[in-house]
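Participant: Residue numbers for the sequence shown follow this note's numbering, beginning at 734 and rising by one. Ideal placement from N, C-alpha and C gives every residue a C-beta, glycine not left out. None of these values were measured; they are calculated from a predicted model. First the structure, then my questions, so here it is.
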Amino acid sequence: MSLFKARDWWSHTIGSDDGFDQGSLCVANIDNNSNHHDKVIVGGFNGVLRIYQPRGSQGEANKAEAVLLEMQLPQPILQAEAGRFVSVSEKLHLAVLHPRKLTVYSVSGTAGAVEHGSQYQMKMVYEHNLQRTAFNLVVGPFGSVKGKDFLCVQSMDGTVSFFEQESFSFSRFLPGFLLPGPLRYIPRTDSFVTVSSSWQVESYKYQVLAVATDVKTKEESQKITSGKRITMDWSYSLGEAALDIVVTVSAQGATSIVILGERSIVCLKDTGALKFMKKLEYNPSCFFPHGTSSESSITYMVATHTRQLMIYQDTTLKWAAKLEYVPVSIRVGQFQDLKGVITSIDDQGHLVCSYLGTDPSLFVTPSTDSREINYEEQDLEMKKLQRAIKESASKQDFAPKKTVDEDFQIEVTVPPNLDSTSSATETEVEDDDPIPSITVKLVLKTSVSLPNVRLLIHCPYPISVNQSTFTFPFIGDSSAPTSVLVSFFLRGNSLPASLTASAMATYTTSKGAPRVVRSKIELPLKLVVKPCPPVKTATYKITIDSNKNAANLNDVFPDLLGPSAGGPGQALGFQIIGGPKVTILASKSSQRYRLQSDVFESMWLVIRSFLDRIQSFQRRGGAKDFQLSYGGIVPLTEYFELIDTHLELRINAERYKELLDQRARQFRAIQRRLLTRFKDKTPSPLANLDTLLDGTYRQILKLADGVEENHKALVRCSLGLSCATHMIVTIIKLANNMTDKESEILHSSLMPHVPCDGEQGWEEAVDASISNLLRTCLAKKALDQAVNPTPLIMPSDSTRLKKHISQLCERLSKGARLYMDGQAPAEKRSGKSEGVVRPSSSTSRDFSVESTTPDKSKRLDFRKSSQLSGLGDAEPNPSPAPLSNSQPPVSFPPGIEDLPSPGAETNGTLSKEEVPSSPAGGTMLGDLPSLGGPGVRGTSLPPLGAPGKLCFKFVTITYMK
734 MSLFKARDWW
744 SHTIGSDDGF
754 DQGSLCVANI
764 DNNSNHHDKV
774 IVGGFNGVLR
784 IYQPRGSQGE
794 ANKAEAVLLE
804 MQLPQPILQA
814 EAGRFVSVSE
824 KLHLAVLHPR
834 KLTVYSVSGT
844 AGAVEHGSQY
854 QMKMVYEHNL
864 QRTAFNLVVG
874 PFGSVKGKDF
884 LCVQSMDGTV
894 SFFEQESFSF
904 SRFLPGFLLP
914 GPLRYIPRTD
924 SFVTVSSSWQ
934 VESYKYQVLA
944 VATDVKTKEE
954 SQKITSGKRI
964 TMDWSYSLGE
974 AALDIVVTVS
984 AQGATSIVIL
994 GERSIVCLKD
1004 TGALKFMKKL
1014 EYNPSCFFPH
1024 GTSSESSITY
1034 MVATHTRQLM
1044 IYQDTTLKWA
1054 AKLEYVPVSI
1064 RVGQFQDLKG
1074 VITSIDDQGH
1084 LVCSYLGTDP
1094 SLFVTPSTDS
1104 REINYEEQDL
1114 EMKKLQRAIK
1124 ESASKQDFAP
1134 KKTVDEDFQI
1144 EVTVPPNLDS
1154 TSSATETEVE
1164 DDDPIPSITV
1174 KLVLKTSVSL
1184 PNVRLLIHCP
1194 YPISVNQSTF
1204 TFPFIGDSSA
1214 PTSVLVSFFL
1224 RGNSLPASLT
1234 ASAMATYTTS
1244 KGAPRVVRSK
1254 IELPLKLVVK
1264 PCPPVKTATY
1274 KITIDSNKNA
1284 ANLNDVFPDL
1294 LGPSAGGPGQ
1304 ALGFQIIGGP
1314 KVTILASKSS
1324 QRYRLQSDVF
1334 ESMWLVIRSF
1344 LDRIQSFQRR
1354 GGAKDFQLSY
1364 GGIVPLTEYF
1374 ELIDTHLELR
1384 INAERYKELL
1394 DQRARQFRAI
1404 QRRLLTRFKD
1414 KTPSPLANLD
1424 TLLDGTYRQI
1434 LKLADGVEEN
1444 HKALVRCSLG
1454 LSCATHMIVT
1464 IIKLANNMTD
1474 KESEILHSSL
1484 MPHVPCDGEQ
1494 GWEEAVDASI
1504 SNLLRTCLAK
1514 KALDQAVNPT
1524 PLIMPSDSTR
1534 LKKHISQLCE
1544 RLSKGARLYM
1554 DGQAPAEKRS
1564 GKSEGVVRPS
1574 SSTSRDFSVE
1584 STTPDKSKRL
1594 DFRKSSQLSG
1604 LGDAEPNPSP
1614 APLSNSQPPV
1624 SFPPGIEDLP
1634 SPGAETNGTL
1644 SKEEVPSSPA
1654 GGTMLGDLPS
1664 LGGPGVRGTS
1674 LPPLGAPGKL
1684 CFKFVTITYM
1694 K
């Protein structure tokens, strides 16, 4: 903190709409007045140029008279500089830099004959149109000329254009350019100094820049796209980005280069040698030399973002003063015979002329009220505090208790019906009917006032929401609670694995503690499922037994009857919107339910809803001992096919990335080789390098498309695997009559939520968790517990994982129980579920849409024939039916897989055999296989090695010096 403030001598507020930066301020005797008083020139980004003559008194009349000129220019003003820019005059003129134009003006004043004062005019002398977007402007006597100043404009692409007053001279590219930086002219050495994007201070001689020409006309020079290599005079490694550069000249003629970095100030000699360096403990905004510098020391000012003005002599702090604003530009001028006036402007347009003085801060710390100390009360208070400290230290629960101001709730209201007018937008689902939506009401309730509450809505893909983020500046009015309406709908073209969304509110309590409140939103099944006629044939079937007579399905699904309304209630059909169909059948007398579909994983949401609804229906009917069970074989074959597909897509993604990396390195190697050929003074043949470059570029585009398509397929397959995993967990729970704790352990081990991003994949995580179960609670013998866990890396195949899942199901079916460490294993269960009444073969009935009488009775297996006949009519198939649209094994074509590595060395030429020929006899390069056709589980991604496609080898080039 500074003891003194910078004393304001004159100030003026321009306005925050203009916008100002480092080059917006210039102080000079621009009207060439004989009294040599400086004027303040200010140019903003809105194109308004203003000239002020500061006066010491702060009256309103003097403030108005201080504005000498105000002029609207057609383009934004980037920088304003004063100098001798006209060849026929030695007076000062004003150079104004615009993004695409450099204009020189003359400013003159005419003394007024009446009390209204002088009249000032600004006339354009000449202008230069710029071919490139300008960044900054440098003026000076380039080439050591006498009595005149030249101009240099640095553009955004690293080109420096030189203008000898009214005429254009030449343009050059700075080598190794990436971003423009500060640029200054050194008169003694006739050179330019800048800081490159590699954080190096570089110096270039003006003579070197002038002679490095390779064009015939000046017009061609200004439109150059390449040029000869320019050699720098010297360089110095700065190690940080530079904010500004100032060149100071002492009275004895010694030149110093002062560079303001982000965290330090570096001073160099004009030869590049380090003079001194000062590390800063604050964030500087701008700086400028203050007064004349001696040969041994330099005095300069540094303005900071903490509103301070630091005066340094070399590395020693001489003075510190407090400013009212954060300057973006600072200058020193002479006004009304007052020398050394500090002129500054901030980005909001506050223009201030101040000087350094000893005006101390008037703030005085108020004195506290003196009172007598009661030592007895003080001792009692101390004992009370010590007792409270001991009690808090002895408590084991250190979690903060919920107070009244944290009583925040999110009430969720899901309507029973869908929206009459759908709010679905930008959906990828293709269906004959409109995509439905449902609007949910969320009410935020709190007993106290809370500011800045943020509500976030998250829903699982492919379900989407019309607005996911809400911000409330203030809530807490109990008479009118805050509520929002959000609409959910199906957007992605995939199978939904969950219908549970979440609403999360974040806020800060009155004590400053951050809090998060979360509430679940259970979306109805009819948001993603619509009724349809039952399907008689299906590929996959699952039978669920119960100990009560089969319920009427019309009573279980009253909101999803559709064409089955008014029927006997033994069969209902559902269709995933834009997806496959699922049928539920209720046996007439065998206490069984069957679910069937042509897509195995599509049955999950219907099974989940059916289990919840049938249990709720039986409870409402008064059944207290109602139980469900599964007596068939766990459908691991179909589950393993999904696992294989998912792992294959993950491996595909890695191979795509490897191929893309190889092609990118090959592309860069060919570019380097071509660049060497182009830079060579002696022209040489390209040796088909341009053909290689074009072919590699097309392959990179194809591979990038393949990466994107493979990722989309991986997302869809991950959702399908999530649905199938949910089904397997539910079937295992029903088949083994698991408790809630066992079901929770199984759920955590199989991980039904399958991620498609991240370094750790689903296969290795599930394999590790199941391996842990097999080594602990499911271990058969002590030898199983000694098996070391495998590292969490992506496996090359799923054999190990499928083996462990099969062992898990086998040991659970034999009566083993799941428990965690520290938990005593429960009594082993028997192979059959207790309390489940199984009908005899003589009383079995069929699952038939029509009313028929069966003659046989057998338990339905999910792999049996798809005819909807009696339980005993189904004949076993010799092998399970394949999955619909199953993916063939993925293999890379020889033209892609056995490409040489990018490190292979070659001379950059192709032999005749290496150049592929088109059918017409010309030379061409083939593309990668097109991405189209049937793919994985409804995707359009084919294997990389599609038959019938031609892919050519490319020779990998390594640049050889």
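Cβ of THR981 within 7 Å of Cβ of ILE1031?
Facilitator: yes
Participant: Please determine, among LEU942, SER1252, VAL872, the residue with the shortest C-alpha to C-alpha distance to GLY816.
Facilitator: Comparing Cα positions, the closest option is VAL872.
Participant: Taking DSSP as the reference, what is the three-state secondary structure of ARG1388?
Facilitator: helix
Participant: Can the beta-carbon of ASN862 be found less than 7 Å from the beta-carbon of LYS834?
Facilitator: yes
Participant: Is LYS856 buried or exposed, if buried means 16 or more other CB atoms sit within 10 Å of its CB?
Facilitator: exposed
Participant: Apart from the five residues on each side of it in sequence, which residues of its chain come closer than 6 Å, Cβ to Cβ, to THR1316?
Facilitator: Closer than 6 Å at the Cβ level, and outside the excluded window around THR1316, lie PRO1267, VAL1268, GLY1306, GLN1329.
Participant: Would ALA1236 and ILE1143 qualify as a contact pair, given that the criterion is a beta-carbon distance under 7 Å?
Facilitator: yes
Participant: Cβ atoms of ARG1224 and PRO1195: under 7 Å apart, would you say?
Facilitator: yes
Participant: Mark TYR785 as exposed unless 16 or more other C-beta atoms lie within 10 angstroms of its C-beta, in which case mark it buried.
Facilitator: buried
Participant: Run through DSSP, which three-state label would VAL941 get?
Facilitator: helix
Participant: Considering only the beta carbon of each residue, do VAL1339 and ILE1254 sit closer than 7 Å?
Facilitator: no
Participant: Could you give the first and the last residue of the continuous alpha helix (DSSP H) run that contains ASP1278?
Facilitator: That residue, ASP1278, is in no alpha helix (DSSP H); its beta strand (DSSP E) goes 1273–1279.
Participant: Taking VAL1332 and PRO1313 to be in contact with their CB atoms under 8 Å, please state how far apart those CB atoms are, rounded to whole angstroms.
Facilitator: Correct: roughly 4 Å between the Cβ atoms.
Participant: Smallest Cα separation from TYR918: which of PHE903, ARG905, LEU907, LEU884?
Facilitator: LEU884
Participant: How would you label ALA1213, buried or exposed, when you count the other beta carbons within 10 angstroms and need 16 or more for buried?
Facilitator: exposed
Participant: Alpha carbon to alpha carbon, how far is PHE1009 from ILE1629? Give it in angstroms, no decimals.
Facilitator: Caution is warranted here: a pLDDT of 37 is assigned to ILE1629, below 50, making its placement in the model unreliable, and no coordinate value can be reported.
Participant: Look at the alpha carbon of GLN1041 and the alpha carbon of ALA1053, and state the distance between them as a whole number of angstroms.
Facilitator: 7 Å
Participant: Considering only DSSP beta bridges, list what PHE986 is partnered with.
Facilitator: One detail in the question is off: residue 986 reads as Gly in this sequence, not Phe. In DSSP, GLY986 forms no bridge with anything.
Participant: Could you check which residue in VAL1262, ILE1044, PRO1291 has the C-alpha nearest to that of ILE1309?
Facilitator: VAL1262
Participant: Which whole runs of the beta strand (DSSP E) in the segment 833–908 are 3 residues long or more, in chain order?
Facilitator: Taking only runs of at least 3 residues, the beta strand (DSSP E) segments lying wholly in the segment 833–908 are 834–843, 852–862, 867–873, 883–888, 892–897, 900–906.
Participant: My guess is that GLU1496 and LEU1447 are in contact by the Cβ rule of under 8 Å, so how many angstroms apart are they, rounded?
Facilitator: The Cβ separation is near 13 Å, so there is no contact.
Participant: Using alpha carbons as the reference points, say which of SER1529, MET1527, LEU1525, ASP1500 lies closest to SER1539.
Facilitator: ASP1500
Participant: Between which two residues does the beta strand (DSSP E) harbouring GLY776 extend?
Facilitator: 772–776
Participant: Go ahead and pull the three-state DSSP assignment for GLU1560.
Facilitator: With a pLDDT of 43 at GLU1560, under the threshold of 50, the modelled position of this residue cannot be trusted; read the value that follows with caution. It is coil, neither helix nor strand.
Participant: Tell whether a beta-carbon distance below 7 Å holds between VAL893 and ALA867.
Facilitator: Against a cut-off of 7 Å, the Cβ pair of ALA867 and VAL893 comes out as no contact.
Participant: How long is the line joining the alpha carbons of HIS745 and ILE1075, rounded to whole angstroms?
Facilitator: 14 Å
Participant: Return helix, strand or coil for HIS826, following the three-state DSSP convention.
Facilitator: Assigned with DSSP and collapsed to three states, HIS826 falls in strand.
Participant: Taking the continuous beta strand (DSSP E) assigned at LEU1258, which residues delimit it?
Facilitator: Here LEU1258 belongs to no beta strand (DSSP E), and DSSP marks it neither H nor E.
Participant: Using 7 Å as the threshold, is the C-beta distance between TYR1240 and TRP742 below it?
Facilitator: no
Participant: Report all residues from its chain with a CB closer than 7 Å to the CB of GLY1453; omit the five preceding and five following residues, and keep chain order.
Facilitator: Cβ within range, chain order: LEU1228, GLU1334, LEU1375, ARG1670.
Participant: Please name the residue, chosen from VAL1162, SER1077, MET1043, that lies closest to GLY1066 on a Cα-to-Cα basis.
Facilitator: SER1077
Participant: Look up MET1043 in the DSSP assignment and give the residues it is bridged to.
Facilitator: VAL1035, ALA1053
Participant: Run the CB neighbour count on ARG1325, radius 10 Å, all protein chains shown included, and call it buried at 16 or more, exposed below.
Facilitator: buried
Participant: When you compare only the Cα positions, how much space is there between LEU1292 and GLY1300?
Facilitator: Just to set this straight, residue 1292 is Asp in the shown sequence, not Leu. Those two C-alpha atoms are separated by around 14 Å.
Participant: Name the one or two DSSP bridge partners that ARG1064 has.
Facilitator: Answer by DSSP bridge pairing, in chain order: THR1076.
Participant: Which runs of the beta strand (DSSP E) at least 3 residues long sit entirely within the segment 1308–1368? Give them in chain order.
Facilitator: Segments of the beta strand (DSSP E) lying fully in the segment 1308–1368: 1314–1319, 1325–1330.
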